[in-house]
Amino acid sequence: MNALKLFTVILLCLMLTSKAEAKWWIFGQANEEVSISYLYVNDIPYEESGPKLTVYRDMLAGGEVVLRGKARISKGKIGGASVSLDNRETWKEAQSSTDGAFEYRFRPETGKTYVMYVEVVDTAGKSNDIESTRKELTISEGSFQNQVREALNAMIAAYRAEDPAAFMRYVSEDFAADPAILDRAIRRDFALFDNIDLRYTLNNVASGSGGLFASISFNRQITSSRDGKTYRDKGTTEFVFRLTDQGPKVFSMKFPLIFGLSDSEEIATGTVNAISNEPTIVISSSGNIEIIPFNEAVNGITADATIESGFNIVIASTIGGGQFQQPPQGFDFVTGQVSDVSGSVAFIITGGDEVQQAAYGFLQNGASINDLGSVSLSSVSQAPESGYDSNSTQGYNFVPGHTYAFLLSNGKYALMNVKSVIMSYPPTGITGYPTTTMRIDYKYQPNGSRNF
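Using our numbering, read the sequence shown as starting at 336 and increasing by one per residue.
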């Protein structure tokens with residue numbers, strides 16, 4: 336491979352399983368000579384946040400809005416990038432590099448709406464489809480924590496009222512477990528439960544990686560519509576919200592669930608470990624309500640076919656000459672966590688391939704890989720039985736839009752879709768390290784089967 340490999344270090348942090356199609360040409364058709372591969376506003380994906388986006392003042396690190404993007408040019412080189420904040424009345428130059436990466440920062444006024452456009456031109460003067468980059472960005476004095484609280488309040492009110500349509504208005508179209516599954520599950524809940532009483536305390540909300548991460552403590556009481564008995568439990572659980580033009584919407588939920596108990600194996604994307612073995616409400620395969628110790632509930636889920644899933648963002652950097660700023664890291668499908676080479680990672684990333692705009696890395700710890708090609712994660716219902724490559728000394732490209740099957744060292748299977756890979760250099764005249772960012776969606780099957 337003749338591609339330049341930028342040796343890098345990975346940081347993978349929990350974040351979006353959306354439908355995993357690559358969106359390389361969302362801001363321009365593939366046959367255009369100048370197009371934009373990706374855009375982010377303060378790590379929020381530009382194309383996934385709708386035509387209007389409200390960003391809350393307490394989400395802005397250093398009080399700045401940061402727009403980052405990457406242009407693709409079929410011929411020649413990038414000439415420059417500009418951003419308009421006033422509906423194309425004026426333009427301001429963004430910092431850009433020769434590989435097409437660009438960045439623009441500004442300090443916004445609270446309460447103001449900016450009509451944004453982005454223009455990238457090549458050295459021949461040709462530009463991207465500017466109209467497709469239009470976004471109305473509003474800076475709110477309000478708190479993102481309050482927005483999450485309001486969304487949770489509305490969801491709980493709809494759940495207690497057994498109103499599925501009102502409930503689903505606060506669920507992302509890209510909900511990790513599929514919105515249709517959650518819709519079906521809450522309707523089953525409503526058929527099984529009477530007198531739903533659900534109360535919560537918002538423990539913490541943090542923003543990062545384009546998502547809002549919320550931890551809550553809850554107290555719940557329900558009555559069985561079958562036997563008339565009352566069941567009570569309490570616990571702690573977590574949600575991930577995504578900002579949209581209609582406010583925060585739920586992207587994923589962890590076990591113990593407070594919504595959709597009737598299909599927890601399909602809905603829960605991970606487990607919040609309980610401090611104590613408190614009893615928790617579960618629904619049996621026959622539809623009966625049971626209350627069992629938390630550890631038994633978790634083990635029961637694991638013993639079945641619960642598929643752990645989620646999304647991550649990879650950010651990598653190097654000091655050059657094959658020297659790393661810190662040990663190379665990779666992703667551990669079993670724990671859903673980032674780890675360095677001393678952990679149980681399936682692969683590590685050590686660089687990037689400029690030709691394919693792919694991440695570049697190596698297998699680890701006896702893992703094997705099978706490139707399934709340009710298919711979405713949701714379209715793969717079973718990992719292949721054969722066709723895996725286990726050469727740990729050979730470098731592999733992780734190509735945007737491709738889904739990969741892994742046979743792990745524990746004999747179990749995982750799937751990973753690469754949503755995007757971003758390679759960027761510091762703007763001209765600025766000293767810094769080259770960076771590579773990879774967004775992935777993944778699934779892990781803990782029961783040993785190949786079924787997803």
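The beta carbon of each residue, even a glycine, is placed where N, CA and C say it ideally should be.
Query                                                                                                                                                                          : Result
Should residue 520 be labelled buried (16 or more other beta-carbon atoms within 10 Å of its own) or exposed?                                                                  : buried
What do you get for residue 502, buried or exposed, if any count of 16 or more other CB atoms within 10 angstroms of its CB means buried?                                      : buried
What is the C-beta distance between residue 457 and residue 414, in whole angstroms, given that I count them as a contact (C-beta under 8 Å)?                                  : 5 Å
With three or more beta-carbon pairs closer than 8 Å as the criterion, would you say the segment 474-485 touches the segment 510-519?                                          : no
Going by CA-CA distance only, name the one from 455, 579 and 380 that's closest to residue 368.                                                                                : 455
Residue 415 bridges to which residues according to DSSP?                                                                                                                       : 456
Considering only the beta carbon of each residue, do residue 702 and residue 743 sit closer than 9 Å?                                                                          : yes
Report buried or exposed for residue 793, applying the criterion of at least 16 other Cβ atoms within 10 angstroms of its Cβ.                                                  : Within the shown structure, residues of the chain are numbered from 336 to 787, placing residue 793 beyond reach of any answer.
Going by other Cβ atoms of all chains shown within 10 Å of its Cβ, with 16 needed for buried, is residue 726 buried or exposed?                                                : exposed
Just to check my reading of the structure: residue 696 and residue 682 have Cβ atoms closer than 8 Å, yes? What is that Cβ distance to the nearest angstrom?                   : 5 Å
For the pair the segment 591-598 and the segment 515-529, tell me if three or more CB-CB distances fall below 8 Å.                                                             : yes
Which complete beta strand (DSSP E) runs does the segment 501-575 hold, if anything under 3 residues is left out?                                                              : 528-543 and 546-559
Spatial neighbours of residue 358 within its chain, please: C-beta separation below 6 Å, excluding the five flanking residues on both sides.                                   : Model confidence at residue 358 stands at a pLDDT of 29, short of 50, so the residue's coordinates are unreliable; what they give is reported in the following sentence. 382, listed in sequence order.
Specify whether the segment 388-396 and the segment 418-427 touch according to this definition: at least 3 beta carbon pairs, one from each stretch, less than 8 Å apart.      : no
In or out: residue 470 buried (at least 16 other Cβ within 10 Å) or exposed?                                                                                                   : buried
In angstroms, rounded to a whole number, what distance separates the CA positions of residue 625 and residue 529?                                                              : 15 Å
Since residue 607 contacts residue 631 with CB under 8 Å, what's their CB separation in whole angstroms?                                                                       : Not really, about 16 Å apart at Cβ, beyond 8 Å.
When you compare each of 380, 399, 461 and 719 to residue 416 by their alpha carbons, which one comes out closest?                                                             : 461
DSSP puts residue 479 in a beta bridge; with which residues?                                                                                                                   : BP columns for residue 479 are empty, so no partner.
Relative to the alpha-carbon of residue 505, which residue among 372, 580 and 402 has its alpha-carbon at the smallest distance?                                               : 580
For residue 435, tell me which candidate among 419, 404 and 453 has the shortest Cα-Cα distance.                                                                               : 404
Pull up the distance between the alpha-carbon of residue 723 and that of residue 740, whole angstroms please.                                                                  : 8 Å
Using DSSP with H/G/I as helix, E/B as strand and the rest coil, what is residue 630?                                                                                          : helix
Excluding the five sequence neighbours on either side, which residues of its own chain have a C-beta within less than 6 Å of the C-beta of residue 565, listed in chain order? : 558
Using a Cβ-Cβ cutoff of less than 8 Å, which residues in the same chain neighbour residue 716 once the five nearest sequence positions on both sides are dropped?              : 786 and 787
Candidates 617, 480, 583 and 534: which alpha carbon is nearest residue 590's?                                                                                                 : 617
Let's see if you can read the secondary structure: which residues bound the alpha helix (DSSP H) around residue 408?                                                           : Counting along the chain, residue 408 falls outside any alpha helix (DSSP H), though it belongs to the beta strand (DSSP E) covering 400-408.
Among 757, 784, 783 and 782, which residue has its Cα nearest to the Cα of residue 775?                                                                                        : 757
Could you compute how far the alpha carbon of residue 577 sits from the alpha carbon of residue 620?                                                                           : 32 Å
Using a Cβ-Cβ cut-off of 7 Å (strictly less than) and excluding sequence neighbours within five positions of residue 622, which residues of its own chain qualify?             : 527
Using 10 angstroms around the beta-carbon of residue 549, count the other beta-carbons present and answer buried if the total reaches 16, otherwise exposed.                   : buried
Go ahead and label residue 782 buried or exposed: buried means 16 or more other beta carbons lie within 10 angstroms of its beta carbon, across all protein chains shown.      : exposed
Under the three-state reduction of DSSP, which class applies to residue 494: helix, strand or coil?                                                                            : helix
Quick check: the Cα distance between residue 751 and residue 539, rounded to an integer number of angstroms?                                                                   : 29 Å
Please identify the residue among 463, 668 and 714 whose C-alpha is closest to the C-alpha of residue 789.                                                                     : The shown model of the chain, from 336 to 787, leaves out residue 789, and the question about it has no answer.
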